[in-house]
Amino acid sequence: MIKGDGDWSAPAAMAIPKEGYFELEQGRYGPIFPRTPANYGFSIIAKVKPGRETAIREYGKQLEAAVQEDPTVLAPLRLHYLRWVLFDIGDGLCFQYQGIFDTEFDKYVEDAIALFLSTGITTVFVNLEGFPEDWRTDTEAVVKFFREHQFPSFLEYGEYPYVTADEIKKALRVKAAFSGMLDQMQ
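Quick note: the sequence shown, position 26, residue 32 per our numbering, numbers continuous.
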């Protein structure tokens, strides 16, 4: 099983066991989830506190504004993508958080808490049932919430596997510079 040294030029898929890992290896807060062709990530599904849908949607707008003001505000998280979904399948409103990033799970959570504390941005998760009230000071409680609400992938695919966000940005900068050079030659 390739653990991240794969050939980026060949698409790759990885079927993942139900537990979310191949071999039980303990991190600071629990099992370490593997790096996949899509890199690291997780999907959280949790119930929304009653009456908090508007707050969650407004938080999305606040985060959009923060990124427009400072495109690097989320840089410490080493993100590729975030996707947030609100849905109701008949048992109340649920929130799904999908994130793909370049660091392992424990570090991502620690970095997210540090980011929220340093920027003053409150996390959207305060709108979810069971999220710890003391999230600013109790990293273990936050990790416990995420692990309890994590739904591990059973398949991940990467068109350009194991490539970090920084490597993608670098390649695009090289492409732009090369394109600019070619334009100058005409």
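A virtual CB, placed ideally from N, CA and C, is assigned to each residue, including glycine.
Close-in-space but distant-in-sequence residues of the same chain around residue i (CB under 7 Å, 5 per side omitted)
i       : result
Tyr-27  : Pro-37, Ile-38, Phe-39, Pro-40
Leu-123 : Arg-142
Met-7   : With a pLDDT of 39 at Met-7, under the threshold of 50, the modelled position of this residue cannot be trusted; read the value that follows with caution. Phe-28.
CB contact flag (residue i, residue j, <8 Å)
i       : j       : result
Arg-63  : Asn-133 : no
Gly-47  : Phe-131 : no
Phe-101 : Val-54  : yes
Gly-105 : Leu-85  : yes
Pro-138 : Trp-14  : no
Arg-34  : Asp-112 : yes
Ser-49  : Phe-152 : no
Leu-92  : Leu-83  : no
Thr-125 : Val-79  : yes
Through-space distance from residue j to residue i, alpha-carbon basis
i       : j       : result
Val-169 : Ala-182 : 19 Å
Pro-43  : Tyr-87  : 14 Å
Asp-94  : Pro-56  : 12 Å
Glu-31  : Thr-143 : 26 Å
Ile-51  : Tyr-103 : 7 Å
Ala-120 : Met-20  : 31 Å
Leu-161 : Ala-171 : 21 Å
Ala-118 : Val-73  : 15 Å
Pro-23  : Glu-110 : 18 Å
Gln-190 : Glu-173 : 26 Å
Ala-177 : Gly-186 : 14 Å
Lys-150 : Gly-96  : 26 Å
Ala-61  : Arg-89  : 17 Å
Asn-45  : Phe-184 : 28 Å
Run of the alpha helix (DSSP H) containing residue i, from where it starts to where it stops
i       : result
Ala-147 : 145-155
Gly-66  : 59-75
Glu-173 : 171-191
Range covered by the beta strand (DSSP E) that runs through residue i
i       : result
Ser-49  : 46-53
Val-91  : 85-94
Gly-126 : Segment: none, Gly-126 is in no beta strand (DSSP E) and carries neither H nor E.
Phe-4   : For residue 4 there is no data in the structure shown, the boundaries of the chain being 7 and 192.
Leu-161 : 161-164
Ala-21  : 18-21
Neighbourhood of residue i by C-beta distance below 6 Å, restricted to the same chain and skipping five residues each side
i       : result
Glu-135 : Lys-53, Lys-55
Trp-141 : Val-148
Cutoff 8 Å: residue i Cβ touching any chain D Cβ
i      : result
Ala-71 : No chain D appears in the structure shown, which is made up of a single protein chain.
Residue i burial status per 10 Å Cβ neighbour count (16 or more: buried)
i       : result
Val-115 : buried
Gly-164 : buried
Leu-188 : exposed
Own chain residues within Cβ distance below 8 Å of residue i, not counting five before or after
i       : result
Pro-154 : It is Glu, not Pro, that sits at residue 154 in the sequence shown. If we look at Glu-154 and ignore the five residues flanking it on each side, its Cβ neighbours are Gly-136.
Thr-128 : Tyr-65, Phe-122
Lys-9   : Only weak support exists for where Lys-9 lies, its pLDDT of 48 falling under 50; the value from the coordinates is given anyway. Around Lys-9: Pro-40, Arg-41.
Gln-68  : Ile-127
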